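Enquirer: Submitted below is the structure of interest, expressed as structure tokens.
Number of protein chains: 4
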Amino acid sequence: MKASRARLKKPMADTVRNYTASVSYDQRLAPYDIEGSIAHAKMLAKREIISNKESAQLIEGLERIADEIERGVFLFDEEREDVHLNIEARLIELVGDLGGKLHTARSRNDQIALDMRLFTKDAIKDVLEALHDLRGRILDKAESHQETIIPGYTHLQRGQPILLAHHLLAYAQMFERDSERFRETLRRTDVMPLGSGALAGVPYPIDREFVANELGFRAVSANSIDAVSDRDFVIEFHAAASVAMMHLSRLAEELVLWSSEEFSFAEMDDSYATGSSIMPQKKNPDVAELARSRTGRVYGNLTAALTMMKGLPLAYNRDLQEDKQPLFSSVDVVTSSLQVMGEVLATLHFQTERMRHAAEEGFSLATDIADYLVKRGIPFREAHGIVGEVVQFALERGISLADLDLDQYRGFSEVFDKEVLEITVESALKARSETGGTAPEAVSRELMKAKKRLREE
Amino acid sequence: MKASRARLKKPMADTVRNYTASVSYDQRLAPYDIEGSIAHAKMLAKREIISNKESAQLIEGLERIADEIERGVFLFDEEREDVHLNIEARLIELVGDLGGKLHTARSRNDQIALDMRLFTKDAIKDVLEALHDLRGRILDKAESHQETIIPGYTHLQRGQPILLAHHLLAYAQMFERDSERFRETLRRTDVMPLGSGALAGVPYPIDREFVANELGFRAVSANSIDAVSDRDFVIEFHAAASVAMMHLSRLAEELVLWSSEEFSFAEMDDSYATGSSIMPQKKNPDVAELARSRTGRVYGNLTAALTMMKGLPLAYNRDLQEDKQPLFSSVDVVTSSLQVMGEVLATLHFQTERMRHAAEEGFSLATDIADYLVKRGIPFREAHGIVGEVVQFALERGISLADLDLDQYRGFSEVFDKEVLEITVESALKARSETGGTAPEAVSRELMKAKKRLREE
Amino acid sequence: MKASRARLKKPMADTVRNYTASVSYDQRLAPYDIEGSIAHAKMLAKREIISNKESAQLIEGLERIADEIERGVFLFDEEREDVHLNIEARLIELVGDLGGKLHTARSRNDQIALDMRLFTKDAIKDVLEALHDLRGRILDKAESHQETIIPGYTHLQRGQPILLAHHLLAYAQMFERDSERFRETLRRTDVMPLGSGALAGVPYPIDREFVANELGFRAVSANSIDAVSDRDFVIEFHAAASVAMMHLSRLAEELVLWSSEEFSFAEMDDSYATGSSIMPQKKNPDVAELARSRTGRVYGNLTAALTMMKGLPLAYNRDLQEDKQPLFSSVDVVTSSLQVMGEVLATLHFQTERMRHAAEEGFSLATDIADYLVKRGIPFREAHGIVGEVVQFALERGISLADLDLDQYRGFSEVFDKEVLEITVESALKARSETGGTAPEAVSRELMKAKKRLREE
Amino acid sequence: MKASRARLKKPMADTVRNYTASVSYDQRLAPYDIEGSIAHAKMLAKREIISNKESAQLIEGLERIADEIERGVFLFDEEREDVHLNIEARLIELVGDLGGKLHTARSRNDQIALDMRLFTKDAIKDVLEALHDLRGRILDKAESHQETIIPGYTHLQRGQPILLAHHLLAYAQMFERDSERFRETLRRTDVMPLGSGALAGVPYPIDREFVANELGFRAVSANSIDAVSDRDFVIEFHAAASVAMMHLSRLAEELVLWSSEEFSFAEMDDSYATGSSIMPQKKNPDVAELARSRTGRVYGNLTAALTMMKGLPLAYNRDLQEDKQPLFSSVDVVTSSLQVMGEVLATLHFQTERMRHAAEEGFSLATDIADYLVKRGIPFREAHGIVGEVVQFALERGISLADLDLDQYRGFSEVFDKEVLEITVESALKARSETGGTAPEAVSRELMKAKKRLREE
């Protein structure tokens, strides 16, 4: 019978064991658990709570277990509930009763809090790297499309012509904010909880700063009750990942649209598209669809974590065990999605002719004609009305604005002069030259700045 | 290179394979996939699309694969993306090129829709069984506590005395509604989609009713586009499971409260409690805490499924692949939670003396005293005011209502007569005898009815 | 000072009043509250708990208040917390102290449960009517497009040609399931909770069946604790509304796509489109965008309701007050969205020429050519491979399959004969004639059945 | 007919107007809309796009409208869709056609982005202030309870004795992290979007830095497409508010528990409690219950915002209109909940005797006795086992550890000596003196640091 069941007179029911055991998934934390235990063992010796020799033996045993796990020969056993008890049992096999001393001045409550923070810190670093790569790829693509013109859309209706580089830089902005958010979450995760015991601290002369230093934490937690019951950093991860996935879902949606026969703005590289089992002509944007769909998974994980924490009294409750699987899921989804979407984008072939044609045809310059009138003194609302009538006139004749001559224009307003015929896609782009606008010079400026910020991160 | 990549000139990138492969989890559908394929093979022969001999060979191969899977010797291969392709590849190994004919008049789109419905039907049946068991256990427990009196709470303040049986029957009502919801979901899931092809139906003289009959479906789907893109039944499962888990979370919360030293209303059986690694005196209600927490998982899965479907154009999109993991998670959580909580409840030991004492002390009869005044002609609001003053009086003296004598009562209203001293917990219970009330006879009536409904289900 | 504060010695703090008062929104329940009170007053007299004269006076007062509310002259006062207390206070103004007697054998806990159920029943009926209308409009539109051919999509790639009627009938199926779900929710909502008192029933000889009958309920609740703390029906409403909105969001997405210049499959009627304040040429599908977006509101309301209920101990807790605003929001969103989207669809102009052209061009018949090979004995997977090569060949030459001659076909397989040239969009449609397929006869059959079911509901 | 409908030949259907109009709620943005317009008008004059005189007239008109709104005499008209058009229409009434010029170099897309950011910045400042107040109140309460001892709980079972101050400081930590998150969100919100036009920038020589400076923004947005379609700041607000509400829900749960008869650890001030309409003896913690419940509202708003944004193609889509109501709801809920819970806590009366008694009785020192054995050389796991037996022994006799004598202890292990009898609640507290522990000196240290940080913010 397990020590932790000392007071209980019957063995645990099988259904309870199955229901409560976590080792099938929390074994993912094993490397962090061992890393933390080694630091703990060093500290116990430093403070003479155990002897140097005991500490060395414990560390040797732990390192051997780490090696067994890495080589895939460690056997995790459901009977031993969780990752901690599995490692402890093996340690006792290796070093005898001494293994039991490792739990001195420590509880599973602060131990799991430590493991989760070590894991999350690593996960955030991976996400930050994936974001860095993706942003680099977006900037590269933008750099090579500073002259590619596409229609800018609102309501999925063509609005005004823009540079493809400008469109891509909108995504660079989004993912840059994501990097910021993850860095802030990292900072708040980077707090060392060990030494909080079950909830109240431990009655030993421990050295928490030493442990924090060994493990690379920037600070130690300031309140033991908070330290064992806080999962803010998990929720923050889900929240930051949800926004990042939302951004990816928008990019994914556009890739799906652009890959359609109707748009034909882009074609995925054959290595990044999939075929159909029944329709041999298809080249499907499955990766984009899955990224879009997995957005829901991360939203769901966020919901799960928030619901889990709602209304929990202090301090530790077993409810907190449920922080793991959703976190692992969000970590895997956001990291892999950022990476694969980056590759899809990097290898994407844009149909620049087709895009430019779409940007030119129709009425994409209508706004600029209205602004032309405004600059000649017509109040905006009136100018808008006049151009609306011009558009209606052209629509009814099935022609575009470029087909109109000056006389036809003047039929709607005397203010029109021949300069109206000089409004082109290029002149429209060029006119939007203030910061954030789609003029080539403005876009180039922002591209340079974004590259510099990325380099310096 | 795979047939489905016929048009694509490059092999799939590894990141794409890893990102899109589903076999690591959809192998859970293998038995359903094979069951569906066998019915399909029979139908193809019946309609002479393939020969009887071909059909028999296919079925023999499929049965052998089913056996391999059951015995755990089938090797699922990530390279072969999903469960369908893994089985197909093995089938071709076993029966040669003929294996390719099984895909005649079928697409992965309608095949996966079929697998998902077969799986979900089975899952619902398991949930219904677990609900049936839980309800039986609640009714049994209620039956043996028809004389146990506990305080009824509102705002977690003691309100009026009630029977423990009455309290437990509230849960019986909740879980009975859950059974109803799951049965309705089952009915809508029980529709056979095969024959819908990729999206438009198939150009073969298939016999869908035959397949439906073979597989035990009540109907065939009426629209091929809907059939391949509908996941309502998955969402409905999550929604029904969310409500069931919510009910369990309320029960779990009460078990946690009742197990606290402060309440001490109930003690979990040693087989269903857990100890503490650092606090040997603890007997923790971990099962209840985990059930409460896993409620969040199911809510999150519901969010994931709803998000996945939002704004998807018809018909099939790869997004739908993400229906599986959240569904598997909800199925496992709700089934195991219903089962283990049923066992916890069945083995729970109620501290009936302590409960009764809590129901008697304090001011739990205040409402009945107000009603006593009302029956003597005092308008309710005024009666309420009078009893409020009586309570305040007793509170200030640190006594309970049972300690007051008639003179003290009459100090607040002349209407009081000696019958006020006859108001007891028993008389209060007995007075609430209409349907749904806590009077012993009313509770017994409802208990009998609930048992009858359960038996007849 | 209010009767309900009898025991409390200080007035309520202003911040508390502002935080807890609900009358600003629960006044929407006033008609139901009064309806319930009238039935309650009748019952009290029937059971001689009050006199007939008292009952008549109460009812007269209540009817006068109903009239004041309907005429908009009733002044709801925040000081009086909620709708119940506002009405009660006015009733006491009108009929004197007698007004206080209305609260006999009733609590705010069962009263609000009654109001919510009466409201929700009405709301569901409105939703059912809106669904009925929408389904009728879809069927009408389908009826007039039984010969319109559009591309069927998977992965937003053109797959196989289908009838527009078939596509629309997919939506008819979805909304028919929604009607079913709402009817089932209605049935579970249709249970009368009054008589449950605060939580335990009431100590009066009430007649609950009479009240249920007066108010048109099919049954009375069977357990008082459950009756005052159950909000399953609210959650069910949100869940059913979430699925219905999800369906609308898919339709909305398609309307947005079809309205784009790139698709140009449909044009919204001018009355149902909006313009742009700055781009006069735009005709925006705002209604569809808002329906898509408001889907999130209903999902959010579902999350709110589920979270509210998680882990609540029995019986009534003030938490339940928060059921109202999200419910009102979901009711309004789903009802208005169904209605306006029905109108948008009914007035939509399809560009049938353009659709047909899209269905014909490209490689939409590739599957049928593969099936042609299969019928000539080629295993499906091999046939798929051959057609993939044919498609690749055509793509490289920038031609479509219709441009290939028999010799070219035979370059890929000897099995091709001249009948391959007879595969057309029409023949492809016609071949999918089993139930659920897109063949004109199959579609017509399902249309008739759907109309019949709608009529009979 | 409205200018924006220039191309449309029919008036908007009433259902569409009702469905799309936002003025009923977006009028809340009016002060921000006017503030932004005034800055815009100044800039237009500075850059000579309009004359100084025109600018002055526009500003005078706008200020008059602001005054009308503040005095409550401005009539918002549903016919005029939204807040912008309502203000513009009134402006044209006041200053004539000139009013139309205000829309020069501006679109509703960048205008609403500006309004939302101005509103959100103010809202965050309010939340930060409410957090500051609440934290101050927690620290004050902790300061006055540095000697109050309560049981520390895990699994809602009494674990180890702690200081009430230590418990309260756990909440101070949580809300300090909330302040940090909101400050970070504020920084990202503090970016000026005006000048982005509909999506591409505007063809005028505007001065965005001037506008940013006038309105107190720290930066201008770097990409026009991102600027009009970004709602990250709204989602971030919801996410930060969700975590803050989650923290409040935990505090609320504890207040509800502590107010129960069973715990009786705290009593709410009469001004902050509510009574019962039917149970005069009740003193209900309604404020805490509502705070707990409204947590769900904010979670739901987060879900709504995330769902809204999922899969939206760039740039502006009408979907974004739905950002407002959930944001307003979250702002109101989180601000009022922080404030009222702060007041509840500040006026709360702790039953310190009762708490101390609960901390002393039972087995709260069991861990310390195990640690006592460990310090005498017994491995932790073994010590744990010994103490488990001691607890079992005492439980069976219905006595507490304090009742045991040395001989009884030595019956379990020879290692026990008389110092075991000196283990008291006080010695247990004192022993946990490292950073974060519950020792009086450690708690006092952290309290001082928290006060200093709060002061310096």
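Residue numbers (our numbering), protein chains in the order written: chain A, 347 to 803; chain B, 347 to 803; chain C, 347 to 803; chain D, 347 to 803. The C-beta atom is built at its ideal place from N, Cα and C for all residues, glycine as well. Model, not experiment: these values are computed from the prediction.
What would DSSP say about A777 (chain A), mapped onto helix, strand or coil?
Expert: Reduced to three states, the DSSP call for A777 (chain A) is helix.
Enquirer: Report the neighbours of T361 (chain B) on chain A: residues whose CB is nearer than 7 Å to its CB, in chain order.
Expert: In chain order: Q685, V686, E689.
Enquirer: Counting only the same chain and skipping the five closest in sequence on each side, list residues whose C-beta sits under 7 Å from that of T681 (chain C).
Expert: Excluding residues within five positions, the ones whose Cβ falls inside 7 Å are D472, V473, A476.
Enquirer: Taking all protein chains shown into account, decide if M655 (chain A) is buried (16 or more other Cβ within 10 angstroms of its Cβ) or exposed.
Expert: With 16 or more other Cβ atoms within 10 Å, it is buried.
Enquirer: For the beta strand (DSSP E) that contains Y755 (chain B), what are its first and last residues?
Expert: No beta strand (DSSP E) holds Y755 (chain B); the alpha helix (DSSP H) holding it covers 752-756.
Enquirer: When you compare the region 664-671 of chain B with the region 635-648 of chain A, are there three or more beta-carbon pairs, one atom per stretch, that lie closer than 8 Å?
Expert: At 8 Å Cβ cutoff, the stretches touch.
Enquirer: Does any heavy atom of the ligand SAM sit closer than 7 Å to the C-beta of R463 (chain D)?
Expert: Of ligands this structure carries none, so the ligand SAM is not represented either.
Enquirer: Counting along the chain, where does the beta strand (DSSP E) carrying I769 (chain D) start and finish?
Expert: Note, I769 (chain D): premise wrong, no beta strand (DSSP E); not H, not E.
Enquirer: If I measure Cβ to Cβ from P551 (chain A) and keep anything under 7 Å in the same chain, skipping five residues before and after, which residues do I get?
Expert: Around P551 (chain A): R393.
Enquirer: Do E427 (chain C) and A367 (chain C) count as a contact pair if the criterion is CB distance below 8 Å?
Expert: Against a cut-off of 8 Å, the Cβ pair of E427 (chain C) and A367 (chain C) comes out as a contact.
Enquirer: If you reduce the DSSP assignment to three classes, tell me which class G498 (chain D) lands in.
Expert: Residue state, collapsed to three classes: strand.
Enquirer: For the region 689-700 of chain A against the region 611-622 of chain A, are there 3 or more C-beta pairs whose distance is under 8 Å?
Expert: Contact between the region 689-700 of chain A and the region 611-622 of chain A is present, because at least three Cβ pairs lie under 8 Å.
Enquirer: Measuring alpha carbon to alpha carbon, tell me which of C:L437, C:I745, C:E555, C:N559 ends up nearest Q403 (chain C).
Expert: Taking only the C-alpha atoms, the option nearest Q403 (chain C) is C:L437.
Enquirer: CB-CB under 7 Å to E689 (chain A), same chain, minus the five flanking residues each way: which ones, in chain order?
Expert: Only Y618 meet the Cβ criterion.
Enquirer: With a cut-off of 8 Å on the beta carbons, I'd call I724 (chain B) and V761 (chain B) a contact; round off their distance for me.
Expert: Yes, they are in contact, since the Cβ atoms of I724 (chain B) and V761 (chain B) sit about 6 Å apart, within 8 Å.
Enquirer: Using a Cβ-Cβ cut-off of 8 Å (strictly less than) and excluding sequence neighbours within five positions of H513 (chain B), which residues of its own chain qualify?
Expert: Closer than 8 Å at Cβ, skipping near neighbours: I496, G498.
Enquirer: How would you write the range of the beta strand (DSSP E) that I415 (chain C) sits in, first residue to last?
Expert: Note, I415 (chain C): premise wrong, no beta strand (DSSP E); alpha helix (DSSP H) at 398-416.
Enquirer: According to the Cβ coordinates, are R492 (chain A) and S773 (chain A) closer than 8 Å?
Expert: The displayed chain sequence assigns Gln, not Arg, to residue 492 (chain A). For Q492 (chain A) and S773 (chain A), no; Cβs fall outside 8 Å.
Enquirer: Should A712 (chain B) go down as buried or exposed, given a rule of 16 or more other Cβ atoms within 10 Å for buried?
Expert: By the 10 Å Cβ count, A712 (chain B) comes out buried.
Enquirer: In chain order, what residues of the region 751-770 of chain B put their CB closer than 8 Å to some CB of chain E?
Expert: Given the protein chain composition of this structure (A, B, C and D), no chain E is represented.
Enquirer: Quick one: does D665 (chain A) have its CB under 8 Å from some CB of chain B?
Expert: Yes, because at least one Cβ of chain B sits closer than 8 Å to the Cβ of D665 (chain A).
Enquirer: Quick one: what's got a C-beta closer than 7 Å to L485 (chain A)'s C-beta in the same chain, skipping five residues either side?
Expert: If we look at L485 (chain A) and ignore the five residues flanking it on each side, its Cβ neighbours are A518, L793, A796, K797, L800.
Enquirer: Going along the chain, which residues of its own chain have a beta-carbon closer than 8 Å to the beta-carbon of D553 (chain B), five neighbours each way excluded?
Expert: Only M389, K392, R393 meet the Cβ criterion.
Enquirer: For the region 591-604 of chain C against the region 564-571 of chain C, are there 3 or more C-beta pairs whose distance is under 8 Å?
Expert: With a cut-off of 8 Å, the region 564-571 of chain C and the region 591-604 of chain C do not count as touching, because too few Cβ pairs lie within range.
Enquirer: Kindly indicate which three-state DSSP category M358 (chain D) falls into: helix, strand or coil?
Expert: Three-state DSSP puts M358 (chain D) in coil, outside helix and strand.
Enquirer: Do you know whose CA, among C:S453, C:L652, C:G642, lies nearest T307 (chain D)'s CA?
Expert: This structure does not reach residue 307 (chain D), given that chain D is present from 347 up to 803, and the question cannot be answered.
Enquirer: Pair every Cβ in the region 582-591 of chain D with every Cβ in the region 359-379 of chain B, then say whether three or more of these pairs are closer than 8 Å.
Expert: In short, these stretches do not touch, since the Cβ pair count stays below three.
Enquirer: Given this structure, state the Cα-to-Cα distance separating L741 (chain A) from G541 (chain D), to the nearest angstrom.
Expert: Rounded to the nearest angstrom, the two C-alpha atoms are 30 Å apart.
Enquirer: Inspect the beta-carbon positions of L532 (chain A) and I458 (chain A) and report whether they are closer than 8 Å.
Expert: Their beta carbons are not under 8 Å apart, which means L532 (chain A) does not touch I458 (chain A) by this criterion.
Enquirer: In chain D, what lies closer than 7 Å to P672 (chain A) by C-beta?
Expert: Chain D residues near P672 (chain A): none, gap ~15 Å exceeds 7 Å.
Enquirer: Is any beta-carbon of chain A found at less than 8 Å from that of K447 (chain D)?
Expert: Judged by the 8 Å Cβ criterion, K447 (chain D) is in contact with chain A.
Enquirer: Using a beta-carbon distance cut-off of less than 8 Å, what residues from the region 540-563 of chain B approach chain A?
Expert: Against chain A - using a Cβ distance shorter than 8 Å - the residues of the region 540-563 of chain B are G543, A544.
Enquirer: Note down the Cα distance separating R410 (chain A) from D423 (chain A), rounded to an integer number of angstroms.
Expert: For R410 (chain A) and D423 (chain A), the distance between alpha carbons rounds to 18 Å.
Enquirer: I'd like to know if V589 (chain A) contacts chain B, where contact means its C-beta is closer than 8 Å to some C-beta of that chain.
Expert: False, the Cβ-Cβ gap to chain B never drops below 8 Å.
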